[in-house]
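Beneath this line is the structure, given in structure tokens, with notes to follow.
In full-length UniProt numbering, the protein residues as written are 1 to 155.
And the structure:
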């Protein structure tokens, strides 16, 4: 009987620590209510300067995670590189409203676009990114998926 009690207590701690880990990860991602992240690095990078994470139109994008599972991508003020005239130029997407959730028992993150931020009739309904969380710290988030690495920083 004593062995059973010890086993039950040990199992309870295992499940409790996993729940606390997901909760603390959620707090790191959302700061308890909402938190803005900025794309700091992406690999592999696009060939054109306008496609790099350090381009002006990428650097002013905010990826906002809310504690209730909502997500917004605010494309900022700069949406394209005026000096880029090639076909390979990258431009910002529309500002997006969507959702986020932890997947794979908290080891991964899925961010889904639902619609244009200010126009619910402009539906998107697709996954923006889904991958393994490599790093989740107070000011750094690294996600990898299918050979692509995304590094976000909070300000």
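In this text, a Cβ means the ideal position worked out from N, Cα and C, and glycines have one as well.
Predicted, not measured: the structure shown is a model, and the values here were computed from it.
Please state if the CB of residue 151 and the CB of residue 40 are separated by a distance shorter than 7 Å. Counting from one through the chain shown, the residue named residue 40 turns up at place 40. Counting from one through the chain shown, the residue named residue 151 turns up at place 151. For residue 40 and residue 151, yes; Cβs fall inside 7 Å.
Hey, out of 147, 87, 92, whose CA is closest to residue 74's CA? In the chain shown, counting from the first residue as 1, residue 74 sits at position 74. It is 92 whose Cα lies nearest to the Cα of residue 74.
When you compare only the Cα positions, how much space is there between residue 122 and residue 97? Mapped onto the chain shown, residue 122 falls at position 122. Mapped onto the chain shown, residue 97 falls at position 97. If you take the alpha carbons of residue 122 and residue 97, they lie about 11 Å apart.
Could you name the residues that DSSP lists as bridge partners for residue 98? Here residue 98 is taken as the residue at index 98 of the chain shown, counted from 1. 71, 113, per the DSSP bridge assignment.
Taking all protein chains shown into account, do 16 or more other C-beta atoms lie within 10 angstroms of the C-beta of residue 148, making it buried, or fewer, making it exposed? One-based indexing of the chain shown puts residue 148 at position 148. Exposed, by the Cβ-count rule.
Can you tell me where the beta strand (DSSP E) with residue 43 in it begins and where it stops? As a position in the chain shown, residue 43 is number 43, starting the count at 1. Run containing residue 43: 34-43, per the beta strand (DSSP E) assignment.
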